[in-house]
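2 protein chains.
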Amino acid sequence: MSKKMIPALEWITNYKRADLTGDLSAGFIVAIMLIPQGMAYAMLAGLPPVIGLYASTIPLLIYALLGTSRQLAVGPVAMVSLLVLAGVSTITEPGTDEYISFVLLLMLMIGVIQLLMGLFRLGFLVNFLSHAVISGFTSAAAIIIGLSQLKHILGIKLVADKNVFNIIFESVSRLSEVNPLPVTIGALSILLLIIIKKFVPKIPGPLVVVLLSIMTTSFFQLQGLGVSIVGDVPKGLPSLSLPVLTVDAVIALIPIAIAISLIGFMESIAMAKAIATKEKYKVIPNKELVGLGLANIGGSFFAGYPVTGGFSRSAVNYQSGAKTPLATMITAILIMLTLLFFTEVFYYLPHAVLAAIIMVAVYSLIDIKEAKHLFKIKKADGWTWITTFIATLTIGIEQGIIVGVVFSLVVFIWRSAYPHVAELGFLKEEKVFRNIKRYPNAEVDPEVLIIRVDASLYFANMSFLEEKLSERVATKEQTKWIILDFSGVNAIDAVAIHSLEEIMTDYNKSDIQFLFANVKGPVMDLLRKAGWGDRYHEKIAHLSNQHAMSAINNEKERLACARY
Amino acid sequence: MSKKMIPALEWITNYKRADLTGDLSAGFIVAIMLIPQGMAYAMLAGLPPVIGLYASTIPLLIYALLGTSRQLAVGPVAMVSLLVLAGVSTITEPGTDEYISFVLLLMLMIGVIQLLMGLFRLGFLVNFLSHAVISGFTSAAAIIIGLSQLKHILGIKLVADKNVFNIIFESVSRLSEVNPLPVTIGALSILLLIIIKKFVPKIPGPLVVVLLSIMTTSFFQLQGLGVSIVGDVPKGLPSLSLPVLTVDAVIALIPIAIAISLIGFMESIAMAKAIATKEKYKVIPNKELVGLGLANIGGSFFAGYPVTGGFSRSAVNYQSGAKTPLATMITAILIMLTLLFFTEVFYYLPHAVLAAIIMVAVYSLIDIKEAKHLFKIKKADGWTWITTFIATLTIGIEQGIIVGVVFSLVVFIWRSAYPHVAELGFLKEEKVFRNIKRYPNAEVDPEVLIIRVDASLYFANMSFLEEKLSERVATKEQTKWIILDFSGVNAIDAVAIHSLEEIMTDYNKSDIQFLFANVKGPVMDLLRKAGWGDRYHEKIAHLSNQHAMSAINNEKERLACARY
Chain C
1 MSKKMIPALE
11 WITNYKRADL
21 TGDLSAGFIV
31 AIMLIPQGMA
41 YAMLAGLPPV
51 IGLYASTIPL
61 LIYALLGTSR
71 QLAVGPVAMV
81 SLLVLAGVST
91 ITEPGTDEYI
101 SFVLLLMLMI
111 GVIQLLMGLF
121 RLGFLVNFLS
131 HAVISGFTSA
141 AAIIIGLSQL
151 KHILGIKLVA
161 DKNVFNIIFE
171 SVSRLSEVNP
181 LPVTIGALSI
191 LLLIIIKKFV
201 PKIPGPLVVV
211 LLSIMTTSFF
221 QLQGLGVSIV
231 GDVPKGLPSL
241 SLPVLTVDAV
251 IALIPIAIAI
261 SLIGFMESIA
271 MAKAIATKEK
281 YKVIPNKELV
291 GLGLANIGGS
301 FFAGYPVTGG
311 FSRSAVNYQS
321 GAKTPLATMI
331 TAILIMLTLL
341 FFTEVFYYLP
351 HAVLAAIIMV
361 AVYSLIDIKE
371 AKHLFKIKKA
381 DGWTWITTFI
391 ATLTIGIEQG
401 IIVGVVFSLV
411 VFIWRSAYPH
421 VAELGFLKEE
431 KVFRNIKRYP
441 NAEVDPEVLI
451 IRVDASLYFA
461 NMSFLEEKLS
471 ERVATKEQTK
481 WIILDFSGVN
491 AIDAVAIHSL
501 EEIMTDYNKS
511 DIQFLFANVK
521 GPVMDLLRKA
531 GWGDRYHEKI
541 AHLSNQHAMS
551 AINNEKERLA
561 CARY
Chain A
1 MSKKMIPALE
11 WITNYKRADL
21 TGDLSAGFIV
31 AIMLIPQGMA
41 YAMLAGLPPV
51 IGLYASTIPL
61 LIYALLGTSR
71 QLAVGPVAMV
81 SLLVLAGVST
91 ITEPGTDEYI
101 SFVLLLMLMI
111 GVIQLLMGLF
121 RLGFLVNFLS
131 HAVISGFTSA
141 AAIIIGLSQL
151 KHILGIKLVA
161 DKNVFNIIFE
171 SVSRLSEVNP
181 LPVTIGALSI
191 LLLIIIKKFV
201 PKIPGPLVVV
211 LLSIMTTSFF
221 QLQGLGVSIV
231 GDVPKGLPSL
241 SLPVLTVDAV
251 IALIPIAIAI
261 SLIGFMESIA
271 MAKAIATKEK
281 YKVIPNKELV
291 GLGLANIGGS
301 FFAGYPVTGG
311 FSRSAVNYQS
321 GAKTPLATMI
331 TAILIMLTLL
341 FFTEVFYYLP
351 HAVLAAIIMV
361 AVYSLIDIKE
371 AKHLFKIKKA
381 DGWTWITTFI
391 ATLTIGIEQG
401 IIVGVVFSLV
411 VFIWRSAYPH
421 VAELGFLKEE
431 KVFRNIKRYP
441 NAEVDPEVLI
451 IRVDASLYFA
461 NMSFLEEKLS
471 ERVATKEQTK
481 WIILDFSGVN
491 AIDAVAIHSL
501 EEIMTDYNKS
511 DIQFLFANVK
521 GPVMDLLRKA
531 GWGDRYHEKI
541 AHLSNQHAMS
551 AINNEKERLA
561 CARY
C-alpha cells in the first residue's frame with residue numbers, strides 16, 4: 001500500500017505533536033455540533049434520528065484514511081438529506097423498514113458511482129452544474145427544507161410535504177389546531193440559536209438548545225402536553241447490515257443516486273478546495289471522489305445514510321484548529337462513545353428543537369443577493385439562477401436541478417451560436433488592432449476588412465459568421481481582402497473548416513481574398529490536418545494582423561507596378 | 001397580410017413567365033418520384049401506403065405558401081418515418097386504427113412544437129445536435145431502416161423488428177422459409193435501381209421498377225404465389241379528420257415529438273441552406289420552422305403523417321429546374337390527381353419493390369468515411385460519431401440520439417474544464433508573442449511569465465488555470481510579474497472574476513504582480529461591472545503583450561533607480 005493509494009499514510013507518518021492540540025479540540029467541537037445536527041438531518045431525510053449518528057461513525061473513519069482534504073468534516077448534511085427524502089419517498093413510505101433499506105441501497109449506489117467517477121477520473125462532470133444553477137437550487141432547497149420542518153414546530157401533522165405553497169397554505173388554514181407548546185419551544189430555540197450565532201459564536205448553539213430543551217422537557221414532562229420527543233434512541237454501535245439489492249429498486253434509484261453523487265461531491269470539493277487554498281496544500285478531486293465513495297460504501301454496511309463534506313461543520317473544524325484528519329477520527333470516536341453510553345440523554349429531546357436547528361442552519365443558504373449580483377454582472381446567469389430557483393420551488397427538488405442544467409446548456413448553445421464578432425481598425429499610436437466601434441479613431445483601410453470572431457468555430461455558428469461577413473462586405477464595397485483575426489478562435493471542428501473553404505471559394509469569385517492571422521497552435525494543427533498547409537500556406541501563417549496587413553500592402557504595390 | 005408573414009406573396013407577385021417551364025418539369029418529376037417514395041416511407045412508418053400520398057398533398061401546399069426556401073421538397077422522408085415507427089410502436093401496435101390516430105396526434109404535436117420554436121425564435125436549439133452526432137445517428141438509422149425492410153424482400157414475417165442483430169439472426173435462422181419469388185423481385189428491383197442511378201440518372205428509377213413490377217405481377221398474377229402486394233388503395237382525397245387528443249397520449253408522445261421536430265428541422269434546414277447558398281438567396285431558419293410547423297399541423301387534419309424537407313427529392317427538384325415553390329404546388333396537385341383517378345394502378349405493386357426503393361434510398365446515408373475523416377481531424381468528434389452509431393444500432397433509435405447528445409456535451413464540458421494554456425515568448429524579428437513550446441527561439445524575460453489561456457473562463461476551469469499557473473511559477477523561480485494574455489478569453493463569468501481576484505491577492509503576498517493584456521471589449525465590460533475598473537485600472541488596460549511588457553520595463557527602471 002503506497003502513500004498514493006492511502007493518503008493517510010502521508011500525514012500519519014509525518015504527524016507532528018504540535019498539531020495534536022488543534023486536532024483534539026476541533027474533533028471535540030465538531031462532535032458536539034454533529035450530534036444534534038446528525039439527528040436533525042436524519043429526521044429531515046425521513047429516518048430515525050439515531051441513523052444520523054450511525055452515519056457519523058464508519059464513513060468518517062474511512063474518509064479520514066482516504067480523503068485528501070485535511071479539514072473537511074464529512075457526515076450527514078442538509079441538502080443531501082432533503083434529496084434522500086425527495087428521491088426515496090416517491091418509491092416507498094418514510095418511516096417503514098423498506099424505506100430504511102432503500103436508503104441504505106441508495107447510499108451504496110452513491111458510493112459506487114462516486115468511486116467509479118473517481119477511478120475513471122470523471123470528476124469534471126460536476127461542471128455540468130454551473131454556479132448559478134447550484135446557487136439558485138440551494139436557495140430554493142433551503143426554503144423547502146426550512147418549511148418542511150414547520151410541522152414539527154407547529155406540532156401538527158401536515159398532509160402537504162414537498163410543495164412549499166401547499167405547506168404554507170395548509171399551515172395557515174389549520175392555524176387553529178396549532179399546539180402552542182412546541183411553537184414556543186421552537187421559537188425560543190430559533191431565537192437562542194440566532195443570538196448565540198451572532199454574539200457568542202464560540203459557544204456551540206445547537207448543543208446549548210439541545211441540553212436546555214432536554215432538561216426543560218424532562219423536568220416539566222412536556223411530552224405529556226403534546227410535545228413530540230425523540231424517545232428511545234437505541235444504544236450501541238451500528239451493526240453490520242447488508243444493503244438489499246433488487247434490480248427494480250436500483251433502476252428506480254439511479255436518477256437520485258446520480259444527482260446526490262454529483263451535488264454531494266460538489267458541496268464537498270468546493271469546501272475542501274477553499275480550505276486547501278488557504279492552507280496551501282492540494283486536494284485532488286478524483287481522489288476525493290474515491291474517498292467519499294468508499295465512505296458511502298462503507299457506511300451502507302453499517303446502517304448509515306448518504307454523507308458528504310459539509311460547509312458549516314468543515315468551517316468549524318478548520319477554525320477550531322484541525323490540522324489533520326485525526327480531528328475527524330476523534331469526532332467519529334466521540335460519536336461512537338455517545339452511541340455506547342449516552343443515548344438515553346436524548347430521550348426527552350423535542351422534535352421542535354431539531355427542526356429549529358435545521359431551520360437556522362439552512363437559512364444562511366438562501367442567497368437572494370447572489371441572484372442580484374449575477375444579474376448585475378451577466379444577465380444570462382441571473383436568469384439561470386431565477387429559473388432554477390423557481391423550478392425547484394414549484395416543480396420539485398429533482399426536476400428543479402434538471403431544469404437548471406438544461407437551461408444553462410440552452411443559454412450556452414445560444415451564446416455559441418451567435419458569437420461576438422468585431423470589425424477591427426489600427427490604433428496608430430498604440431500599434432494594436434481593436435474594435436472600431438469601441439475605438440472610433442482606429443484607422444481602417446477601405447480595401448481591407450479585418451474581422452475578429454470571439455468564439456470557437458463549429459458547425460453551428462458558421463452560418464452566423466457567414467451572415468456577419470456578408471453584412472460587413474455589403475457596407476464596405478471596396479473590400480478586396482478580408483483578414484480573419486483568429487486570436488479568439490480556441491478550437492475549430494471539421495465542419496467549420498469545410499464551411500470556411502466554401503466561403504473562401506465563394507468570395508474568391510467576387511475577387512475577395514482571405515488571410516488568416518493569429519491562428520493558434522492547436523487550431524493550426526487542425527487546419528494542417530485538413531490539408532490547408534499545402535493549399536493556403538501563405539494565407540494562414542500570418543502571426544499577427546500587422547503581418548497580414550504588410551503582406552497585403554506588398555501585394556498592392558506589386559499590382560500597382562504590374563499595371564506599367 | 002404582409003409579405004413578411006406569407007413569404008409566398010413575394011414570389012407570386014413577382015412571378016416570371018420564364019420560370020414556369022422549370023417549375024412545371026420539376027414539379028412533375030418530383031411527383032413521379034414522390035408517389036412510390038411516399039407509399040414506401042408510409043409502409044416504413046407502419047402505416048398504409050395511401051397515407052404517404054395523403055401526406056404529400058396539404059402539407060406541400062402549406063409549405064409552398066409559408067416556407068422561405070424556393071426549392072425544398074417537403075413530404076415523407078425515411079428518417080422521420082423510422083422515428084415515427086420507433087416512437088409510436090412502443091405505445092400501440094402498428095396496423096391498428098389506434099396507431100394511425102396516434103400518428104396523427106404526433107404530427108399535430110410536431111407541428112405545434114415547430115411552430116412555437118419558430119415563433120419564439122428557438123431554431124438555434126438544433127445546435128444541440130452536433131455534426132458528428134447527426135452523421136453517426138443517420139448512418140446507424142440507415143442500417144436499421146434497410147434491415148427493417150428485409151422481411152418484405154424475404155417474404156417472411158419476422159418477429160424481430162428494431163434490433164438489427166436480432167433481425168439478421170432471425171433472417172439467417174429462418175432462411176429455409178424464404179419465398180424465392182419476392183426475393184427475386186426485390187433483388188432485381190435493387191439491381192435495376194442501382195444501374196439506373198449510376199448510368200442513366202435522368203430516368204426516375206423508382207417509377208420504372210414500380211411500373212415494371214406492377215405489370216409483371218398483374219400479368220403473372222404473382223400475388224397468388226406468395227408475393228405480398230399493396231392491394232386496394234382508397235380512391236379520393238384525404239378527408240378532414242380531427243386528431244384525437246388525450247393527455248396520456250400527449251405525454252407519452254412528447255419525447256419522440258421533440259426528437260422528430262428537431263431532427264426533421266435539421267434535415268430540412270441543412271438542405272434548404274445548401275440550395276439557397278448556391279442560388280444566392282436567404283432562408284430564414286425561424287420562418288422555416290413556422291412553415292414546416294404549419295405544414296404538419298395542416299396535414300394532421302387530413303390523414304397525413306409527419307413531413308419535412310427531404311435531401312434527395314429537394315436535390316432532384318432543384319436539378320430539374322425548380323425556380324419557385326410553384327413546383328411544389330404542381331407536385332401536390334399531381335399527387336391529388338393520382339389519388340382521384342389512378343389509385344387502382346398500385347393494386348398489384350409488390351411490397352418487395354417498395355422495400356427495394358427504401359433500401360437503395362437509405363444506403364447512401366451510411367457514411368463510414370465521415371467517421372474516418374472526423375478521426376483524422378479531431379479524435380473527440382470521431383469518438384462521438386462511433387458512440388452515437390453504436391448506441392443507435394444496439395440500444396435503439398431514440399436512445400441512440402440521446403446518448404450521442406450527452407456524449408458530445410460531456411466531451412465539451414471536459415474540454416472547457418481543461419483548456420489549452422500556453423507560455424509565451426517574444427519573437428524579436430516578427431514582433432509577436434507565441435507559445436515557447438512551438439517557437440523555442442522565442443525570447444523570455446526570467447522575471448516575467450506570460451500565460452495565454454485559450455478558453456473562456458468560468459467557475460469550472462479556474463482551478464485548472466490556477467494549477468497551471470502554480471506549476472509554471474514553480475519552474476520559474478525568479479517570476480515577479482505574470483502577464484495574462486486574454487486574447488483567447490471570449491467570455492468570463494462572475495465566479496471566474498472572483499477567483500481571479502483571489503489568485504491575484506495570493507500571488508501578491510509572494511510579491512508577484514498580475515497584468516492583463518488583450519482583454520476584449522465584452523470581457524472588459526464584465527470586469528468593469530465587477531469593480532475592476534477602479535481597483536486595477538492600469539493593470540487590466542494593456543492593449544497588447546508589448547504594452548504590458550513596456551509597463552513592466554518602466555517599473556523595473558523605477559525600482560532600479562529607487563535603490564539609489
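Going down the list, the protein sequences come from chains C and A. Mapping to full-length UniProt numbering: the first sequence position 515 is 515, numbers consecutive. Mapping to full-length UniProt numbering: the second sequence position 416 is 416, numbers consecutive. Think of the CB as a built atom: it goes at the ideal place given N, C-alpha and C, for glycine as much as any other residue.
Report the neighbours of residue 124 of chain A on chain C: residues whose CB is nearer than 8 Å to its CB, in chain order.
Those within 8 Å of residue 124 of chain A in chain C are 413, 414, 417, 418, 460.
List, in order along the chain, the chain C residues whose C-beta lies closer than 8 Å to that of residue 547 of chain A?
Neighbours of residue 547 of chain A on chain C, chain order: 430, 432.
Which residues of chain C have a Cβ atom closer than 8 Å to the Cβ of residue 522 of chain A, listed in chain order?
For the C-beta of residue 522 of chain A, the chain C residues within less than 8 Å are, from N- to C-terminus, 420, 454.
I think residue 193 of chain C touches residue 209 of chain C, with their Cβ atoms under 8 Å apart; what is that distance to the nearest whole Å?
Yes, residue 193 of chain C and residue 209 of chain C are in contact; Cβ-Cβ is about 6 Å, under 8 Å.
Hey, is residue 494 of chain C's beta-carbon within less than 7 Å of any beta-carbon in chain A?
Closer than 7 Å to some Cβ of chain A, the Cβ of residue 494 of chain C qualifies, so yes.
Quick one: does residue 377 of chain C have its CB under 7 Å from some CB of chain A?
Yes, because at least one Cβ of chain A sits closer than 7 Å to the Cβ of residue 377 of chain C.
For residue 327 of chain C and residue 26 of chain C, which I take to be in contact (beta-carbon distance under 8 Å), what is that distance rounded to the nearest angstrom?
A Cβ-Cβ separation of about 4 Å places residue 327 of chain C in contact with residue 26 of chain C under the 8 Å criterion.
Tell me the DSSP bridge mates of residue 513 of chain A?
Residue 513 of chain A is bridged by DSSP to A/481.
Chain A beta carbons: is any one of them nearer than 7 Å to that of residue 1 of chain C?
Note that residue 1 of chain C has pLDDT 49, beneath the 50 cutoff, so the model's placement of it is unreliable and the number below is only indicative. With its beta carbon at least 7 Å from every one in chain A, residue 1 of chain C lies outside the interface.
By the 10 Å Cβ neighbour count, where 16 or more other Cβ atoms means buried, how is residue 1 of chain C classified, buried or exposed?
Legend: pLDDT at residue 1 of chain C = 49, less than 50; position of this residue unreliable, no value from coordinates given.
For residue 496 of chain A and residue 531 of chain A, I'd like the C-alpha separation in whole angstroms.
Residue 496 of chain A and residue 531 of chain A: Cα-Cα distance of roughly 14 Å.
Can you list, in chain order, the residues of its chain with a C-beta nearer than 8 Å to that of residue 398 of chain C? Leave out the 5 residues immediately preceding and following it.
Cβ within range, chain order: 83, 86, 87, 255, 256, 259.
Sequence-distant residues of the same chain with beta carbon closer than 6 Å to residue 204 of chain A, five excluded per side
Excluding residues within five positions, the ones whose Cβ falls inside 6 Å are 32, 33.
Among all the DSSP beta bridges, which residues are the ones paired with residue 449 of chain A?
For residue 449 of chain A, which the question treats as bridged, DSSP gives the partners A/482.
Cβ closer than 8 Å: which chain A residues qualify as neighbours of residue 268 of chain C?
Against chain A, a Cβ distance below 8 Å from residue 268 of chain C picks out nothing, because the smallest value is about 14 Å.
Let me see if you follow: with CB-CB separation under 7 Å, is residue 351 of chain A close to chain C or not?
Any Cβ of chain C closer than 7 Å to the Cβ of residue 351 of chain A would place that residue at the interface, and such an atom is absent.
For residue 298 of chain A, which three-state DSSP category applies?
Reduced to three states, the DSSP call for residue 298 of chain A is helix.
Would the region 220 to 236 of chain C and the region 344 to 357 of chain C be scored as touching if the rule is three or more Cβ pairs under 8 Å?
Taking 8 Å as the limit for Cβ pairs, the verdict is that the region 344 to 357 of chain C does touch the region 220 to 236 of chain C.
Beta-carbon separation of residue 91 of chain A and residue 252 of chain A under 7 Å?
For residue 91 of chain A and residue 252 of chain A, yes; Cβs fall inside 7 Å.
Measure the C-alpha to C-alpha separation of residue 187 of chain C and residue 169 of chain C and round it to an integer number of angstroms.
When the Cα atoms are used, residue 187 of chain C and residue 169 of chain C turn out to be separated by approximately 20 Å.
Looking only at its chain, what residues have a beta carbon closer than 6 Å to the beta carbon of residue 225 of chain A, apart from the 5 residues adjacent to it on each side?
Excluding positions up to five away in sequence, the list reads 181.
Consult DSSP for residue 308 of chain C and reduce its assignment to one of helix, strand or coil.
Of the three classes helix, strand and coil, the one that applies to residue 308 of chain C here is strand, per DSSP.
Where the region 147 to 176 of chain C meets chain A: residues whose CB sits under 9 Å from a CB there
Hits within the stretch: zero.
Top-ranked residue by Cα proximity to residue 538 of chain A, from A/434, A/272, A/490, A/483
Of the listed residues, the one whose Cα sits closest to residue 538 of chain A is A/483.
Which residues in chain A sit within 7 Å of residue 530 of chain C, going by Cβ to Cβ distance?
Ordered by position in chain A, the residues that pass the 7 Å Cβ test against residue 530 of chain C are 377.
Can you find a C-beta in chain A that's less than 7 Å from the C-beta of residue 288 of chain C?
Not closer than 7 Å to any Cβ of chain A, the Cβ of residue 288 of chain C fails to qualify, so no.
Candidates A/55, A/505, A/14, A/554, of which the one nearest residue 300 of chain A by Cα
Per the Cα distances, A/55.
For residue 422 of chain A, which of helix, strand or coil comes out of DSSP?
The three-state secondary structure of residue 422 of chain A, taken from DSSP, is strand.
Proximal chain C residues relative to residue 438 of chain A, where beta-carbon distance stays under 8 Å:
Simply 521.
Report the start-end ranges of each alpha helix (DSSP H) in the region 72 to 121 of chain A that is 4 residues or longer and not cut off at the edges.
For the region 72 to 121 of chain A, whole alpha helix (DSSP H) runs of length 4 or above, ordered along the chain, are 78 to 88, 97 to 119.
Residues near residue 492 of chain C by beta carbon distance below 6 Å, same chain, minus five either side:
The beta carbon of residue 492 of chain C sits closer than 6 Å to those of 457, 523, 526, all from its chain and outside the five residues before and after it, given in chain order.
For the putative contact between residue 358 of chain C and residue 140 of chain C, defined by C-beta atoms under 8 Å, what is the C-beta separation to the nearest angstrom?
Their Cβ separation, rounded to whole angstroms, is 16 Å, which puts residue 358 of chain C and residue 140 of chain C out of contact at 8 Å.
DSSP state of residue 1 of chain C, grouped into three classes?
Below a pLDDT of 50, predicted positions are generally treated as unreliable, and residue 1 of chain C, at 49, falls in that range; the measurement from the model is reported next regardless. Residue 1 of chain C: coil per DSSP, three-state reduction.
Check the C-beta distance from residue 308 of chain A over to residue 136 of chain A and give it rounded, since I have them as a contact under 8 Å.
In this structure residue 308 of chain A is not in contact with residue 136 of chain A, their Cβ atoms being roughly 20 Å apart against a cut-off of 8 Å.
7 Å is my cut-off, CB to CB: does residue 239 of chain C come that close to chain A?
Not a single C-beta of chain A is nearer than 7 Å to the C-beta of residue 239 of chain C.
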